[in-house]
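K.L.:
Residue numbers (full-length UniProt numbering): 1 to 659.
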Amino acid sequence: MCGIFGYILHRIPCTTRDVLNVLLDSLQRMEYRGYDSAGLCVDDVKSKKHIVVRSVGNISKLRERVFSGCADLDFNAQLENHEGIAHTRWATHGPPSEANCHPQASNNMEFVVVHNGIITNFMTIKQMLLEEGYHFSSDTDTEVIVVLAEHIFSKDHSISFADLAGKVMAELDGAYALLIKSVHFPGELIACKEASPLVIGLQNGKSNGTASGIANGSVMNKLFFSSDVASFLPYTQEVIFLEDGDVAHYSKGALTLYNDATPVSRTSQTVDVSPEGLCKGAYPSFMLKEIYEQPESVSRSMRDRIDFNTREVTIKEMSDGVRTTLLSARRLMLVACGTSFHSCVAARPIFEELLPNISITLENAPDLLDREPRIGSDDVCVFVSQSGETADTLMALQYCKKYEAMIVGLTNVPGSSVLRLSDFALLLNAGVEVGVASTKAYTSQVVVLTLLALFLSKENCSGNSSHSHGGSQSPIQKRRLEIIDGLAALPGALSHCLKCTNDVATKLAEELCDAKAILILGRGYDYATALEAALKVKELTYIHTEGIHCGELKHGPLALVDEHSTIVAFCPHDKFLGRSKSAIQQIKARGGRVVAITTEPDAELVSATSRCVEVPAIVDCLQGIVNVVPLQLLAHHLAVRRGLNVDCPRNLAKSVTVQ
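1) DSSP beta-bridge partners for Tyr527?
2) Counting only the same chain and skipping the five closest in sequence on each side, list residues whose C-beta sits under 6 Å from that of Gly277.
3) For chain D, find out if any of its Cβ atoms is closer than 8 Å to the Cβ of Pro186; answer yes or no.
4) Cα separation between Ser359 and Glu352?
5) With distances taken Cα to Cα, identify the nearest neighbour of Asp370 among Thr256, Asn121, Tyr399 and Lys155.
6) Compare the C-alpha of Gly592 against each of Ser610, Asn58, Leu577 and Phe455 and name the closest.
7) Quick one: what's got a C-beta closer than 8 Å to Glu459's C-beta in the same chain, skipping five residues either side?
8) Helix or strand or just coil, what does DSSP make of Cys237?
9) Count the other C-beta atoms from every protein chain shown that fall within 10 angstroms of the C-beta of Pro649, then say buried if there are 16 or more, exposed otherwise.
10) DSSP state of Pro103, grouped into three classes?
11) Determine whether the beta carbon atoms of Asn412 and Leu427 lie at a separation below 8 Å.
12) Judging by CA-CA distance, which residue of Asn259, Gly253 and Arg266 is the nearest neighbour of Glu238?
13) Check whether the Cβ atoms of Val568 and Val606 sit closer than 8 Å, and answer yes or no.
14) To which residues of the same chain is Ser106 closer than 7 Å at the C-beta, ignoring the five residues directly before and after it?
15) Would a C-beta distance cut-off of 8 Å place Ser387 and Lys654 closer than the cut-off?
16) Buried or exposed: where does Arg374 fall if 16 or more other Cβ atoms within 10 Å of its Cβ makes it buried?
17) Considering only residues of the same chain and omitting the five flanking positions on each side of Gly643, which have a CB-CB separation below 6 Å?
18) Mapping the DSSP letters down to three states, classify Thr16 as helix, strand or coil.
19) Checking the sheet assignment: what are the DSSP bridge partners for Arg303?
20) Out of Gly57, Leu129, Cys344 and Ile51, which one is the CA nearest neighbour of Gln104?
21) Between Asn116 and the rest of its own chain, which residues show a CB-CB distance below 6 Å, the 5 nearest in sequence each way excluded?
22) So, helix, strand or coil for Tyr250, using DSSP?
23) Using three-state DSSP, classify residue 674 as helix, strand or coil.
24) Do you know offhand how far Asp367's Cα is from Ala391's?
25) What does a CB cutoff of less than 8 Å around Thr210 pick up in its chain, not counting 5 residues either side in sequence?
26) For Glu290 and Pro414, what's the separation of their Cα atoms in angstroms?
27) Where DSSP assigns a beta bridge to Thr520, which residues make up the other side?
28) Taking Cβ positions, are Leu397 and Ala505 nearer each other than 8 Å?
29) When you compare only the Cα positions, how much space is there between His73 and Gln445?
30) Would Gly187 and Ser251 be called neighbours here (beta carbons separated by less than 8 Å)?
31) Based on DSSP bridge pairs, tell me the residues matched to Val53.
32) Tyr283 to Tyr292, Cα distance in whole Å?
33) Closest by CA to Ile12, which one among Ala453, Val619, Asn81 and Leu223?
34) Buried or exposed: where does residue 662 fall if 16 or more other Cβ atoms within 10 Å of its Cβ makes it buried?
35) Using a Cβ-Cβ cut-off of 8 Å (strictly less than) and excluding sequence neighbours within five positions of Ile159, which residues of its own chain qualify?
36) How many angstroms separate the CA atom of Val561 from the CA atom of Arg331?
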């Protein structure tokens, strides 16, 4: 949720202004993660003291505070070496205020830290330090880190920075990524990771780092430390992902990594992420851009995984051994939170149809953690997370891993924790998604889960080969081919849907701008669509919106319907159409206004609804991917009409890295 950033220069001439601009620009590239305040710390060239600048609000306010209100800094001072840190905060302990912003400093400004995560035992540490005579200036759990560091250093001035960091980590419980500076260790920086993402960007005097690895003590000209690769993409794509327990110690050009006080080596890798994804281009918002990218993003998700000429699905990343284990599983569990959970709801019936011999279950990650159900070594647990860093999903993953279940990870972020902790992992390849409200990642999640089900179900086919268009086919084989043909048609259907529904969504946004509540109904394959559409509307518009299974209407929600009610109903021409029409008639009888999303606006639907929105038809189990598009557009346009920030809804974060 928070974003941390560190920028190190070694023997590279620049000015203080240059350093500040890199810090501020990099924070702006993490704005999509969500935040309520921000701050940074650089060193004054003359006094060698830490200069901390903090501000409540957006990065623009921090930038103004830095360049207009910081008389202590000489912006044109010439530097060759520097270590700067910066932070975007999302309040967890203490309200948004300047005192609670990061960086947090120790009592005498001897140590300064930026922190992402939660220290669960901070009250115990704080009480101990209060008894030792220290004081605290904030409500945060973060402040105890640097006050503790100051306390430990006061007992032993000969301790090294790396050893000091190890002693601090030994006292902390919880999840954290830390960057620590100290006046006692000029030219040095400490980075610590425990259950919270932290990555190092490498640039050795080139536009992009290209080393295949890094040895301890390697001299680097530029280093970037961050909770998010996106923050430093314009500078380098060569990275090291730190592991839990790692301490990275930078000292005067040399980088050394430790784990449990023992030097370790971590291999660097090149992340295949385009910096262009961080630009809105001609679009007014990232979300609208990402909605319109969906024809291309689902195509990227399928690229090199499906051949539409031969109608073959191939997942090259999966070994025969992994495939055998998956197919011999007693149970396949789909585990996720939020939008990712909805993608699992959408994919579950496809797995059930194509893999009838495996029990398919669905788990909300926080609920799984609360219940602690029995997990066995014959279970396969599929964890879906856009960011790959969702705290509840990662904790559920660790729980299942403890009981030796096979772990499969699906995420959109290369090098993320879900990918690294999985026995087998698949990237969505949807491209960078910046908008907090997920759109293209959702549709790509459904597509990749569908590809996984298709690939695993090959052995369930008998009769002709997969490219057969006729002759003797098993029911599963026939169904597989229908779905493959549906995937082939999907990008075109999405493109057509975007063209034909945007104007309707704009008009609907005008009509619903003052709505107090919206109900969204779906059933069958569109139950997931109703859940996801409702989430998009409530996330962006702050209108109470509920996604309901049509069959549940009579079991309570119908009491909400009157002449002031607005209901959106998904009514594709599938086997559930009759029952969906029945639900609409019940709403109409009570004066409710219904907007139908349908593949064929027949006379009965037209007469029973106030508006029919026609969408292109594809195979029934993938129809929801198309049907969700007009609701994504509606959510966007409604938020714009209500004067709201589309890309950064209040109280929400893109990457939920704390429980």
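No residue lacks a Cβ here, since even glycine has one placed at the ideal position from N, Cα and C.
If you're wondering where the values come from, they're calculated on a predicted model, not measured in any experiment.
P.N.:
In short, the structure shows the following:
1) In the DSSP assignment, Tyr527 is bridged to no other residue.
2) Excluding positions up to five away in sequence, the list reads Gly431 and Val432.
3) No chain D is part of this structure, which consists of one protein chain only.
4) Using only the alpha carbons, I get a separation of about 8 Å.
5) If we check each option's Cα against that of Asp370, Tyr399 comes out closest.
6) Checked all of Ser610, Asn58, Leu577 and Phe455; the closest Cα to Gly592 is Ser610.
7) Only Leu327 meet the Cβ criterion.
8) The amino acid at residue 237 is misidentified as Cys; the sequence shows Gln. Under the three-state reduction of DSSP, Gln237 is assigned to coil, being neither helix nor strand.
9) The residue is buried, with at least 16 neighbouring Cβ atoms inside 10 Å.
10) Three-state result, Pro103: coil.
11) Yes, they are a contact pair.
12) Minimum Cα distance to Glu238 is reached at Arg266.
13) For Val568 and Val606, no; Cβs fall outside 8 Å.
14) Val146, Val147, Ala149 and Glu150.
15) In this structure, Lys654 lies closer than 8 Å to Ser387 by Cβ.
16) Around the beta carbon of Arg374, fewer than 16 other beta carbons lie within 10 angstroms, which makes this residue exposed.
17) No residues qualify anywhere along the chain.
18) Three-state DSSP puts Thr16 in a helix.
19) According to DSSP, Arg303 bridges with nothing at all.
20) The option with the nearest alpha carbon to Gln104 is Ile51.
21) Around Asn116: Cys2, Ile4, Ala177, Ser196 and Ser227.
22) Strand.
23) Residue coverage of the chain in this structure runs from 1 to 659, which leaves residue 674 outside it and unanswerable.
24) Approximately 13 Å, taken between the alpha carbons.
25) In this prediction, Thr210 has a pLDDT of 35, which is less than 50 and means its spatial position is unreliable; nothing more can be read from the coordinates.
26) Between the alpha carbons of Glu290 and Pro414 lies a distance of about 19 Å.
27) Checking the sequence, you will find Ile at residue 520 rather than Thr. For Ile520, which the question treats as bridged, DSSP gives the partners Gly547 and Val568.
28) Here Leu397 is not near Ala505, since their CB atoms are 8 Å or more apart.
29) It should be noted that the sequence gives Leu, not His, for residue 73. Cα to Cα, the separation comes out at about 48 Å.
30) Yes; because the gap between Cβ atoms is below 8 Å, this pair is in contact.
31) DSSP, once it has assigned bridges, lists Leu40 as partnering Val53.
32) Taking the CA atoms as reference points, Tyr283 sits about 10 Å from Tyr292.
33) The option with the nearest alpha carbon to Ile12 is Asn81.
34) An answer regarding residue 662 cannot be provided, because it is not within the stretch 1 to 659 covered by the chain.
35) Cβ neighbours of Ile159 beyond the five flanking positions: Ile152, Phe153 and Lys167.
36) Going by the C-alpha atoms only, they are around 40 Å apart.
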